[in-house]
Amino acid sequence: MALNRSYDGLATTDGLNFYATSGQLLFMIDSVAQTETLVSNLTQSQVFGLEFAGSTLMGFDNAGDHLVPFDVQTGEALSSPMNVGMIELGTVIFMSALQDPANLADAFD
């Protein structure tokens with residue numbers, strides 16, 4: 103599918119419908135219908151690194167270096183931004199502890 107713009111962040115729970123940011127705008131991309139729909143303006147100014155934590159859309163607010171949960175219908179922050187003690191995240195990936203490669207035993211010969 104050809105997209106109409108470049109996006110700053112992209113997240114999905116099913117591989118078919120995606121949420122994406124472009125500047126302060128939140129879009130929903132339906133890869134089956136091949137549509138890009140503006141959902142709303144985000145309440146945070148510089149959101150990068152979208153990812154879902156369960157069914158909650160999370161974004162990293164680069165202006166305040168905080169992780170923010172968003173309502174996918176309104177773009178409103180669901181709670182206060184969380185300070186994760188990091189700046190300039192390259193990516194945000196959520197996974198269970200059982201899937202985390204850092205928690206897997208190392209293999210040695």
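Take the sequence shown: its letters are residues 103 to 211, numbered as in the numbering used here. Cβ coordinates follow ideal geometry from the N, Cα and C atoms, glycine included.
- By the Cβ neighbour-count rule, LEU118 is exposed, with fewer than 16 other Cβ atoms within 10 Å of its own.
- Rounded to the nearest whole angstrom, the CA to CA distance from ASP173 to VAL186 is 20 angstroms.
- Looking at the DSSP output, GLY161 sits in a beta bridge with VAL170.
- Inter-residue distance for MET160 and GLY111 is about 11 angstroms (C-alpha atoms, whole angstroms).
- As a beta-bridge residue in DSSP terms, TYR121 pairs with ALA113 and MET130.
- According to the DSSP assignment, ASN143 belongs to the beta strand (DSSP E) that extends over 137-143.
- With distances taken between CA atoms, VAL141 lies nearest to LEU128 out of PHE120, TYR109, LEU152 and LEU128.
- Between LEU200 and PHE150, the alpha-carbon positions lie close to 26 angstroms from each other.
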